[in-house]
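Everything in the sequence shown is counted per the working numbering, starting at 3 for the first residue and increasing by one.
Note that beta-carbon positions come from the ideal geometry of N, C-alpha and C, so glycine has one too.
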Amino acid sequence: MERNIARMVEHARAGGFALRPHAKTHKSLPIADRQLAAGAVGLTVATISEAEAFARHGVTDLFIAYPLWIDNDKARRLRRLAETVALRLAADSPEGAQCMGEAVRGFARPVELPVEIDRGTTAPASVPPTPSPLVKLQPTPD
Numbered sequence: 003m004e005r006n007i008a009r010m011v012e013h014a015r016a017g018g019f020a021l022r023p024h025a026k027t028h029k030s031l032p033i034a035d036r037q038l039a040a041g042a043v044g045l046t047v048a049t050i051s052e053a054e055a056f057a058r059h060g061v062t063d064l065f066i067a068y069p070l071w072i073d074n075d076k077a078r079r080l081r082r083l084a085e086t087v088a089l090r091l092a093a094d095s096p097e098g099a100q101c102m103g104e105a106v107r108g109f110a111r112p113v114e115l116p117v118e119i120d121r122g123t124t125a126p127a128s129v130p131p132t133p134s135p136l137v138k139l140q141p142t143p144d
């Protein structure tokens, strides 16, 4: 496991990427600690509950990788998370992104929403010349 963690960190560094390994496979605080100590900048999680658990443990950079449809309860929970961690969310549609934008309105800190862009290419070796843009859902007055 230590060798795999070190290899992941090295690949990320060599590629110039910030590593946020997915914690859904281990859901383990000791393994998360090892990943962070080795050089991961944060963790990727599947749910708000997982994000809350890792935030309570002291992880300060979290990406919730599965799209959320945010109701009032989820918005309240995300607000609490965003007050203590760098938070990224995923959307699978423009409507989902709009819902998130409305949910984070009034947050003191920005919440990031990475955007994947389909450039219409199907070549397997096709790599975008620059990383996908990142939209910051900026706090706005209510």
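- Annotation note: the segment 54-87 contains the following uninterrupted alpha helix (DSSP H) runs of length 4 or greater, listed N- to C-terminal: 74-84.
- Between Leu-80 and Ala-39, the beta carbon gap of about 27 Å keeps them out of contact (Cβ cut-off 8 Å).
- The beta carbon of Val-113 is closer than 8 Å to those of Leu-80, Ala-84, Leu-89, Arg-90, Leu-91, Met-102, Val-106, Lys-138 and Leu-139 in its chain, skipping five residues each way along the sequence.
- Looking only at Leu-70, Asp-75 and Gln-37, the smallest Cα-Cα distance to Arg-5 is reached by Gln-37.
- Your pair Gly-44 and Val-61 checks out as a contact, with CB atoms roughly 6 Å apart and the cut at 8 Å.
- Counting every other CB atom within 10 Å of its CB across the protein chains shown gives Arg-15 a total below 16, marking it as exposed.
- Classified as exposed, Arg-58 has fewer than 16 neighbouring CB atoms from the shown chains inside 10 Å of its CB.
- For Pro-96, the enclosing alpha helix (DSSP H) has its first and last residue at 96-105.
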